[in-house]
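Whatever position you read off the sequence shown (first residue = 1), add 21 for our numbering.
Idealized CB from N, CA, C, for every residue including glycine.
Take a look at the structure below.
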Amino acid sequence: AEYYRRMPHGFIMGALILETLLGFLTCTASVMAFGKLQEILPTRPITYRGQNFVNLGVLAVAVAIGIVLIFHPEQTFLYPIFMFLSLTFGVLLIIPIGGADMPTVIALLNSYAGLSASAMGFALDNKLLIIAGALDGSSGFILSVIMCRAMNRSFSNVLFGAFGTIQTTTQKTTARPVRSASPEEAAEILDAARSVTIIPGYGMAVAQAQHKLREMFDVLTRRGVDVKFAIHPVAGRMPGHMNVLLAEADVPYDRLFEMDDINPEFPRTDVALVIGANDVVNPAARNQPGSPIAGMPILNACDARTVMVIKRSMNPGFAGIDNDLYYMEKTLMLFGDAKAFVASIVKELNSAVAAGAH
């Protein structure tokens, strides 16, 4: 009775319907995104014929049932159907989106969660919940748009770009020679360099190598090497992932450079050290118009005088394509766990310092 006196019943039901739709689809979509990020589910876009009609159909039916419930809330048997359709739409929304776009999707899901909370605030007449949800929703949406621009892609292309196509693997994998190096050789190259740019990626996050990376930064800096960190806006698995990890390791913030600021510096860089990054340094984005990542801005690590890549294997990134950077004459592959490999390099650098002191 208290709610009836404060606002129209239809308004409350409308807020509840919106909260349920956004909240439930966010729940299942988040689970699907987690599965793709952890590679429990296929990271490639999963598509089928008529997918857009199926998705829009499920959403249309859910909206229609929601409208009926707003005007006829006594039809309680419709509510479980509405919840089921909302959950189903969350799954259908994520499966056609590739793993490489997950950082943008996470920001968008954050926006949905905020809007859901704001709608619940209207239903409960809770001003704090309304304001907090609106701030969360708007910031998540703005971040999604910013990240789409950083990838040189439209917002609709990220969400609906894979619709209506059947995914087939036509790329032939051929054995190509690569040059590898040991921690000792990598340490010698870094010790002789005057400028080093470190490019962190998801591999650094998985290995929790940021603290060892800070140790390497300290050792090289003490030896007079100019060390910088190049941050790609979609590196990692969520917006700002690399910034958070490096801040956790107390890497000086003024040593972190955004993509547009650091790219002109690569031709003058002695060593570009790539740690667990893949698609964000793939030259195919600018050299192969037919590539899935064509047009995506990348960190121009290939322009550095020497490139070293710490990676467990030659497996491709989320885009599922080979990286020509690995096969360049100037590139050395450092195979192994990122944390262990960086620790070995730090050990060799410290040994060189001790030997020099004697």
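Quiz item: From Leu130, Ala144 and Ser203, pick the residue whose C-alpha is nearest to that of isoleucine 115; which is it?
Solution: Leu130
Quiz item: Would you report the Cα separation of asparagine 371 and valine 240, rounded to the nearest angstrom?
Solution: When rounded, the distance between both Cα atoms is 7 Å.
Self-check item: Opening and closing residue of the beta strand (DSSP E) in which valine 217 lies
Solution: Membership of valine 217 in the beta strand (DSSP E) is indicated by the continuous run 216–221.
Exercise. Could you say if the segment 272–282 and the segment 133–140 meet the contact criterion of at least three C-beta pairs nearer than 8 Å?
Key: no
Quiz item: Taking buried to mean at least 16 other C-beta atoms within 10 Å of its own C-beta, is tyrosine 41 buried or exposed?
Solution: Reading off the sequence shown, one finds threonine at residue 41, where the question assumed tyrosine. So threonine 41 ends up on the buried side.
Quiz item: With a CB to CB cut of under 8 Å and the five nearest residues on each side skipped, what residues in its chain are close to lysine 360?
Solution: If we look at lysine 360 and ignore the five residues flanking it on each side, its Cβ neighbours are Ala228, Gln229, Ala230 and Lys233.
Practice problem: Could you name each continuous beta strand (DSSP E) segment of 3 residues or more that falls completely within the segment 270–304, going from the start of the chain to the end? | Solution: 277–279 and 292–296
Quiz item: Should leucine 249 go down as buried or exposed, given a rule of 16 or more other Cβ atoms within 10 Å for buried?
Solution: Note that residue 249 is lysine in the sequence shown, not leucine. It counts as buried.
Quiz item: What residues in its chain sit with their C-beta under 6 Å from that of glycine 222, if we drop five residues either side in the sequence?
Solution: Ala256, Gly297 and Ala298
Exercise. Closer than 8 Å by C-beta to asparagine 289: which residues in its own chain qualify, once you throw out the five before and the five after it? Chain order, please.
Key: In the sequence as displayed, the identity of residue 289 is arginine instead of asparagine. So the list reads Ser216, once near-sequence residues are dropped.
Practice problem: Could you please give me the residues that DSSP links to isoleucine 331 through a beta bridge? | Solution: Ile296 and Leu355
Quiz item: Is DSSP giving alanine 251 helix, strand or coil here?
Solution: Residue state, collapsed to three classes: strand.
Self-check item: Inter-residue Cα distance where the pair is arginine 333 and threonine 47
Solution: 33 Å
Practice problem: Would you be able to state if there are at least three C-beta pairs under 8 Å between the segment 300–315 and the segment 156–164? | Solution: No, they do not touch.
Quiz prompt | Chain-order list of residues whose beta-carbon lies under 6 Å from that of arginine 200 (same chain, five-residue window excluded) | solution = Leu353
Practice problem: Go to leucine 58, then tell me how far its alpha helix (DSSP H) extends in each direction, as first and last residue. | Solution: Looking at the DSSP string, the run of the alpha helix (DSSP H) that includes leucine 58 is 30–58.
Quiz item: What distance in whole Å lies between the Cβ atoms of valine 301 and leucine 346, which are believed to be in contact at a cut-off of 8 Å?
Solution: 11 Å between Cβ atoms; not a contact.
Quiz prompt | Spatial neighbours of methionine 53 in its chain, beta-carbon cut-off 6 Å, leaving aside the 5 residues before and after | solution = Val112 and Ile115
Quiz item: In chain order, what residues of the same chain lie with their CB nearer than 6 Å to the CB of aspartate 281, ignoring the 5 residues before and after it?
Solution: none
Quiz prompt | Which of helix, strand or coil DSSP assigns to serine 201 | solution = strand
Quiz item: Given phenylalanine 45, which residues of its chain have a CB within under 7 Å of its CB, disregarding the five upstream and five downstream residues?
Solution: Met104, Ser107, Leu108 and Gly111
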